[in-house]
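**Q** Each number in this note's numbering corresponds to the 1-based position in the sequence shown with 119 added.
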Amino acid sequence: APVAVSEGALIARKQLSYLAGVYLTSTALLPPVLRKIRAGGGPVVQVWICFALFQLFRSFCFLGKILKDSMNDGKSKSENPN
Numbered sequence: 120a121p122v123a124v125s126e127g128a129l130i131a132r133k134q135l136s137y138l139a140g141v142y143l144t145s146t147a148l149l150p151p152v153l154r155k156i157r158a159g160g161g162p163v164v165q166v167w168i169c170f171a172l173f174q175l176f177r178s179f180c181f182l183g184k185i186l187k188d189s190m191n192d193g194k195s196k197s198e199n200p201n
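1. Distance check for Gly183 and Met190, CA to CA, integer angstroms please.
2. From Pro162, Arg154 and Ser178, pick the residue whose C-alpha is nearest to that of Val141; which is it?
3. Got a sec, what are the start and stop residues for the alpha helix (DSSP H) Lys155 sits in?
4. Tell me the rounded alpha-carbon separation between Val152 and Leu143.
5. If you compare alpha carbons, which of Ile130, Cys169 and Pro121 is closest to Leu149?
6. Rounded to the nearest angstrom, what separates Lys155 and Tyr137 at their Cα positions?
Here you go:
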């Protein structure tokens, strides 16, 4: 749920280019990693770990962007209170 909520917040803030970049990067990285697991004959648990790391990466990217933007908004408001 945190990934979906942070995605929604970024959509509401019209951060579509950022979202597209994270989607492209994370989606481009996932298949080669899954192929490597398959080629090595890894257990299914490695696939689930891979998916968990995929979501964790996206979560850090989205939450990091939201926090960074919030901090920048706070700075600009304190510099210009009007």
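Don't be surprised by glycine CBs; every beta carbon is placed ideally from N, CA and C.
**A** In brief:
1. 11 Å
2. Ser178
3. Leu135 to Ala158
4. 15 Å
5. Cys169
6. 28 Å
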